[in-house]
Amino acid sequence: MFDTEAFKAATVLSGGVARRGETCGALIGGLLALGQAAGREKIEDTQAYRDAMKPANEICDNFKLRVQEVFKSEKSLESTLCRDIQSIIYGRAFDLNEKEDYQAFLDAGGHGDTGCPLVCSIAAEVTSEKLEEILG
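In structure tokens, the structure reads:
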């Protein structure tokens, strides 16, 4: 079932949060899904908080490794920042809030099958793998 409200809410996560090149919005979406499944319900529940951090970190680490593998990068992806992922894919980062740079991103294939949509699918895959492991 497709949740249009969640999709709508996630709109502003694209481009590394409001096109700022920060943490990959698709990865944030995956972490939110993990939180729905394994997060705490009360701020005081520090054990549930701690328990959720292990799979969250595993999702982040697996995401970085999978991006490196899929894009055949010799360079290690040290962060989950959109700008760093762009550098792995395109050899440079783009300022997606600047019209010319955004167009250069599009021209490089940013919204093509081997660009951002592929990165989004990697985030979804590593998240779903972890959720399946947790939830059975």
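Numbering of the sequence shown is given in the working numbering, commencing with residue 6 and proceeding in unit increments. Note that beta-carbon positions come from the ideal geometry of N, C-alpha and C, so glycine has one too.
Where residue i falls: helix, strand or coil (DSSP)
i: leucine 86; result: strand
i: threonine 119; result: coil
Whole-number beta carbon distance between residue j and residue i, since they are thought to touch under 8 Å
i: glycine 20; j: cysteine 87; result: 6 Å
i: alanine 61; j: leucine 39; result: 6 Å
i: glycine 26; j: alanine 98; result: 6 Å
Spatial neighbours of residue i in its chain, beta-carbon cut-off 7 Å, leaving aside the 5 residues before and after
i: alanine 15; result: Gly30, Gly34
i: lysine 69; result: Leu82, Thr85
i: isoleucine 139; result: Ala42, Ala43, Pro60
i: alanine 109; result: Phe99
i: threonine 132; result: Gly35, Ala38, Leu39, Ile64
i: lysine 135; result: Leu39, Pro60, Glu63, Ile64
Cutoff 8 Å; reference residue i; Cβ partners in own chain excluding five residues on either side
i: leucine 18; result: Gly30, Ala31, Ile33, Gly34
i: aspartate 89; result: Leu82, Glu83, Ala98
i: aspartate 56; result: Ala43
Spatially closest choice to residue i from the options, by CA coordinates
i: aspartate 118; options: Gly96, Val75, Tyr54; result: Val75
i: threonine 28; options: Tyr95, Asp56, Gln91; result: Gln91
i: serine 78; options: Thr9, Ile93, Glu46; result: Ile93
i: methionine 58; options: Glu49, Leu36, Ile48, Glu46; result: Leu36
i: glycine 115; options: Asp89, Gly141, Tyr95; result: Tyr95
Whether residue i touches residue j by CB criterion (9 Å)
i: valine 3; j: valine 72; result: Examination of residue 3 is not possible in this model, given that the chain is present from 6 through 141 alone.
Residues of its chain near residue i, where Cβ-Cβ distance is below 6 Å and the 5 sequence neighbours each way are ignored
i: arginine 24; result: Leu101, Asn102
i: glutamate 137; result: none
i: arginine 45; result: Ala53, Tyr54
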